[in-house]
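Peer 1:
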Amino acid sequence: MEALFHVATFYVFAAFALAGAAISAFSRRLVYCVFALLLTFLGVAGLYVLLSADFLAAVQVLLYAGGILVLLIFGVMLTHEIADVSTEANFTDIKFGAVISGILWLLLVVYICKVPWAVLDPLPPYAPTTRAIGLQFLGDYLVPFEYSSFVLLLVVLGAATLARKEVD
Amino acid sequence: MLFDYLSVVVLLVLGLANIFGMMVLPKLLRPHNPTAQKLVAYECGENPIGTSWLQYNVRFFVVALVFIIFDMEIVFMFPWAVVFKEVYATSGPLPLIEMAFFIAVLAVGLIYLWVEGLLDWIRTIR
Numbered sequence: 033m034e035a036l037f038h039v040a041t042f043y044v045f046a047a048f049a050l051a052g053a054a055i056s057a058f059s060r061r062l063v064y065c066v067f068a069l070l071l072t073f074l075g076v077a078g079l080y081v082l083l084s085a086d087f088l089a090a091v092q093v094l095l096y097a098g099g100i101l102v103l104l105i106f107g108v109m110l111t112h113e114i115a116d117v118s119t120e121a122n123f124t125d126i127k128f129g130a131v132i133s134g135i136l137w138l139l140l141v142v143y144i145c146k147v148p149w150a151v152l153d154p155l156p157p158y159a160p161t162t163r164a165i166g167l168q169f170l171g172d173y174l175v176p177f178e179y180s181s182f183v184l185l186l187v188v189l190g191a192a193t194l195a196r197k198e199v200d
Numbered sequence: 604m605l606f607d608y609l610s611v612v613v614l615l616v617l618g619l620a621n622i623f624g625m626m627v628l629p630k631l632l633r634p635h636n637p638t639a640q641k642l643v644a645y646e647c648g649e650n651p652i653g654t655s656w657l658q659y660n661v662r663f664f665v666v667a668l669v670f671i672i673f674d675m676e677i678v679f680m681f682p683w684a685v686v687f688k689e690v691y692a693t694s695g696p697l698p699l700i701e702m703a704f705f706i707a708v709l710a711v712g713l714i715y716l717w718v719e720g721l722l723d724w725i726r727t728i729r
């Protein structure tokens with residue numbers, strides 16, 4: 033029962049991610065492309081949960097769906113006359129492109145079939161990672177953890193420099 | 604336990620069902636008889652000027668940039684908060700001091716932004 037649930041949710045989230053990616057790749061409107069990424073980010077977050085990477089899933093939702101996407105939307109909305117911008121590519125040589133991407137696809141399929149994937153049966157039990165990461169932060173990785181705050185501080189200063197340039 | 608995430612799935616399904624109920628169901632049920640006045644975003648109130656898809660002010664981008672940095676800080680606090688009680692019981696106030704230091708360093712950045720006036724919406728050129 034749980035294995036079935038696992039497989040079903042995997043396909044649902046994979047479909048989410050692929051549908052979002054397809055919309056953002058094929059949509060003519062730049063704004064729709066960006067908003068479709070939300071679906072991809074949430075789908076990938078779901079896949080992370082299934083891989084028992086719960087911390088990564090939280091990061092995915094908080095940072096990508098919540099932060100990076102907002103930044104992307106604002107970035108796109110900076111475009112002058114956004115409603116008229118078309119993402120339509122001009123297909124100059126569609127045959128050549130088809131051959132190249134066909135070869136790439138074939139290579140990928142061949143290698144995916146060649147790799148001896150380890151089939152886990154039964155599925156390993158779900159093991160959350162957040163607690164282990166927290167213990168590492170307060171133990172062995174205390175100094176890198178504190179150091180990361182300085183890295184973030186530098187990023188704040190960098191953002192401030194950029195912001196000041198934009199004002200002038 | 605992976606099954607704990609069932610509540611998230613339920614929320615997702617309820618959200619999608621809600622959108623379906625609010626957008627698709629009325630479309631199937633209501634009569635289709637639009638007039639120019641009905642198609643305005645707000646039937647009563649301000650008349651919109653132009654489209655909503657216009658060029659945003661660059662300040663939104665800067666605010667979003669700063670938001671991501673503090674979002675990152677929250678991400679770092681998650682694992683800390685999960686184990687705080689446990690570590691506090693065994694090794695005393697170490698986790699509290701650690702996080703206070705972490706936040707203090709980032710507060711320097713926030714104070715810098717504040718003092719430089721980059722958080723002001725209306726900026727004076729200095």
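In the order they appear, the protein sequences are chains A and B. Counting from 33, one number per residue, gives the positions in the first sequence under the working numbering. Counting from 604, one number per residue, gives the positions in the second sequence under the working numbering. In this text, a Cβ means the ideal position worked out from N, Cα and C, and glycines have one as well. From a predicted model like this one, the values you see are computed outputs, not experimental measurements.
(1) If B:Phe-687 sits next to B:Pro-696, beta carbons under 8 Å apart, how far is it from one beta carbon to the other, in whole angstroms?
(2) Mapping the DSSP letters down to three states, classify B:Met-662 as helix, strand or coil.
(3) Could you check the C-alpha separation between A:Thr-161 and B:Ile-652 for me, to the nearest Å?
(4) Between the C-alpha atoms of B:Val-718 and A:Ala-192, what's the straight-line distance to the nearest angstrom?
(5) Between the beta-carbon of A:Leu-110 and the beta-carbon of B:Val-661, is there less than 8 Å?
(6) Could you tell me whether the Cβ of A:Phe-182 comes closer than 8 Å to any Cβ of chain B?
(7) Note the first and the last residue of the continuous alpha helix (DSSP H) segment covering A:Val-142.
(8) Give me the DSSP bridge partner(s) of A:Arg-163.
(9) Is it right to say A:Glu-34 is buried, meaning 16 or more other beta carbons lie within 10 angstroms of its own, or is it exposed?
(10) In the structure shown, what three-state DSSP assignment does A:Arg-196 receive?
(11) Going by DSSP, which residues form a beta bridge with A:Arg-60?
(12) Measure the alpha-carbon distance for B:Asp-674 versus A:Trp-149 and round it to whole angstroms.
(13) Applying the criterion that 16 or more other CB atoms from any shown protein chain within 10 Å of the CB defines a buried residue, is A:Ser-181 buried or exposed?
(14) Using CA coordinates, which residue listed in A:Glu-178, A:Val-102 and A:Phe-73 is at the minimum distance from B:Phe-705?
Peer 2: Result, derived from the coordinates:
(1) No, B:Phe-687 and B:Pro-696 are not in contact; Cβ-Cβ is about 11 Å, not under 8 Å.
(2) The residue you asked about is not Met; residue 662 of chain B is Arg in the sequence shown. Here B:Arg-662 sits in helix by DSSP.
(3) 51 Å
(4) 11 Å
(5) yes
(6) yes
(7) 126–146
(8) DSSP lists no partner for A:Arg-163.
(9) exposed
(10) helix
(11) Answer is none; A:Arg-60 lacks a bridge partner.
(12) 37 Å
(13) buried
(14) A:Glu-178
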